[in-house]
Amino acid sequence: MTLPLFSAPDDPGPSFSALLRRLEGATAAAQPAPAGAGFTITHGTTIVALRFAEGVIMAGDRRATAGSSIAHRAMDKVHPADRWSGVAIAGAAGFALEMVKAFQLELEHYEKLSGNVLSLEGKANMLASMVRQNLAMAMQGMVVVPLFAGFDTRRRTGRIFTYDATGGRYEETDFHADGSGGRDARTTIKLGWTEDMERAAGIELAVQGLYEAADEDSATGGPDAVRGIYPTVATITASGYQEVDEPEVAERFAALITRKSSQGLHR
Numbered sequence: 056m057t058l059p060l061f062s063a064p065d066d067p068g069p070s071f072s073a074l075l076r077r078l079e080g081a082t083a084a085a086q087p088a089p090a091g092a093g094f095t096i097t098h099g100t101t102i103v104a105l106r107f108a109e110g111v112i113m114a115g116d117r118r119a120t121a122g123s124s125i126a127h128r129a130m131d132k133v134h135p136a137d138r139w140s141g142v143a144i145a146g147a148a149g150f151a152l153e154m155v156k157a158f159q160l161e162l163e164h165y166e167k168l169s170g171n172v173l174s175l176e177g178k179a180n181m182l183a184s185m186v187r188q189n190l191a192m193a194m195q196g197m198v199v200v201p202l203f204a205g206f207d208t209r210r211r212t213g214r215i216f217t218y219d220a221t222g223g224r225y226e227e228t229d230f231h232a233d234g235s236g237g238r239d240a241r242t243t244i245k246l247g248w249t250e251d252m253e254r255a256a257g258i259e260l261a262v263q264g265l266y267e268a269a270d271e272d273s274a275t276g277g278p279d280a281v282r283g284i285y286p287t288v289a290t291i292t293a294s295g296y297q298e299v300d301e302p303e304v305a306e307r308f309a310a311l312i313t314r315k316s317s318q319g320l321h322r
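Following the working numbering, the numbering of the sequence shown begins with 56 at its first residue and continues without gaps.
Here it is, written out as structure tokens:
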């Protein structure tokens, strides 16, 4: 395959989406759905992120809903963006998953063409632009709300970025939770978070946030020991993005449930 050549005014630079627009004439704006289209949209629900001593922990429940029904029980909502960052998704699941894939491709394309890794703020800004491009669909109810976090190799610390449906980008200082159970998860994490938390304590707090959200929000899935389904949890540190093994997540849940039972909070 021969790589295309562009004149200086038409050079798309290191942006993969700009390259596609040059080659195929694609437009950045989302196309509206046909009037009266009758289909049920699958939605992802609760996602959380919090800083700990070594970086950032991200977690998400596994349930996806379609109206009042459970559409999927084992959806992954936390994904690596590149070596030192991750993205979690809530909202219209189909559009969200496609956005994650496009975001991963954009970062890889940028690094290959420029020979440099984009800064963490640059990655956050790139994702904001992608969320903004989905605004036409968001106005029709198909909102995508990502949660972006990573290890800033320049500042040597973990950072968390949140978004609204218009592409507005905001940095959170210590933690955040989004999705239908976000308020309950955020309250739980707020009560338990401390500066420079150790990895084990941070994972347990993220898991507890999702547990409390599932207890109050029907769209958020709790631990399913029968099917062996537990939330996706990942850490992002100077060593990079690493998903926490499921047996460890199950162990944290078991410890949490044992503690609650001993405190008489199971009623």
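Where a beta carbon is used, it is the ideal one built from N, C-alpha and C, also for glycine. Owing to the predicted nature of the structure, the values given are computational and were not obtained by experimental measurement.
Cα separation between Ser273 and Gly146? For this step, residue 273 is matched to residue 218 along the sequence shown. For this step, residue 146 is matched to residue 91 along the sequence shown. Roughly 15 Å between the two C-alpha positions.
Measuring straight from C-alpha to C-alpha, what distance separates Gly283 and Leu168? Taking the first residue of the sequence shown as position 1, residue 283 is located at position 228. Taking the first residue of the sequence shown as position 1, residue 168 is located at position 113. Approximately 42 Å, taken between the alpha carbons.
Given Gly141 as reference, the closest of Leu162, Thr97, Ala183, Phe203 once Cα atoms are compared: In the sequence shown, residue 141 corresponds to position 86, counting from 1. The shortest Cα separation from Gly141 among Leu162, Thr97, Ala183, Phe203 belongs to Phe203.
Can you give me the C-alpha to C-alpha distance between Phe206 and Thr120, rounded to a whole angstrom? Your numbering for residue 206 matches position 151 in the sequence shown. Your numbering for residue 120 matches position 65 in the sequence shown. C-alpha separation (whole angstroms): 31 Å.
Proximity to Val299 [Cα-Cα], best of Ala261, Met252, Glu226, Ala268: Your numbering for residue 299 matches position 244 in the sequence shown. Out of Ala261, Met252, Glu226, Ala268, Ala261 has the C-alpha closest to the C-alpha of Val299.
Between which residues of its own chain and Ile215 is the CB-CB distance below 6 Å, once the five residues before and five after are set aside? To locate residue 215, count along the sequence shown from 1; it is residue 160. Correct list, in chain order: Ala104, Ala204, Glu227, His231.
Identify, in the order they occur along the chain, each residue of the same chain with its Cβ nearer than 6 Å to the Cβ of Gln297, setting aside the five sequence neighbours on each side. Numbered from its first residue, the sequence shown carries residue 297 at position 242. Thr290, listed in sequence order.
Just verifying my parser: in three-state terms, what is the DSSP assignment at Thr212? In the sequence shown, residue 212 corresponds to position 157, counting from 1. Thr212 falls in the strand class under three-state DSSP.
Enclosing alpha helix (DSSP H) for Ser123 [first to last residue]: Residue mapping note: residue 123 aligns to position 68 of the sequence shown, counting from 1. Element bounds for Ser123: n/a, residue is neither H nor E.
What is the rounded straight-line gap between the Cα of Gln159 and the Cα of Ala129? As a position in the sequence shown, residue 159 is number 104, starting the count at 1. As a position in the sequence shown, residue 129 is number 74, starting the count at 1. Rounded to whole angstroms, Gln159 to Ala129 spans 22 Å at the Cα level.
Looking at Ala136: is its Cβ nearer than 7 Å to the Cβ of Gly99? Residue mapping note: residue 136 aligns to position 81 of the sequence shown, counting from 1. Residue mapping note: residue 99 aligns to position 44 of the sequence shown, counting from 1. Not a contact, by the Cβ cut-off of 7 Å.
Within 7 Å of any Cβ in chain B, is that where the Cβ of His127 sits? Annotation note: the requested chain B is absent from the structure, which comprises a single protein chain.
Proximity below 7 Å, CB of Thr243 to CB of Gly223: Position 188 of the sequence shown, counting from 1, holds the residue named residue 243. Position 168 of the sequence shown, counting from 1, holds the residue named residue 223. No, the pair does not count as a contact, with Cβ atoms beyond the cut-off.
The alpha helix (DSSP H) with Leu173 in it runs from where to where? Along the sequence shown, read from residue 1 onward, the residue named residue 173 stands at position 118. Leu173 -> no alpha helix (DSSP H), and no H or E assigned at all.
Measure how close the beta-carbons of Arg106 and Asp229 come, nearest whole angstrom, since I'm counting them as under 8 Å. Walking along the sequence shown from the start, residue 106 turns up at place 51. Walking along the sequence shown from the start, residue 229 turns up at place 174. The Cβ separation is near 5 Å, so the contact holds.
Check whether the Cβ atoms of Asp131 and Pro286 sit closer than 7 Å, and answer yes or no. Mapped onto the sequence shown, residue 131 falls at position 76. Mapped onto the sequence shown, residue 286 falls at position 231. Not a contact, by the Cβ cut-off of 7 Å.
Under the DSSP definition of a beta bridge, which residues are partnered with Gly110? Mapped onto the sequence shown, residue 110 falls at position 55. DSSP, once it has assigned bridges, lists Phe107 as partnering Gly110.
Name, in chain order, the residues that DSSP records as bridge partners for Val288. In the sequence shown, residue 288 corresponds to position 233, counting from 1. In DSSP, Val288 forms a bridge with Ala114.
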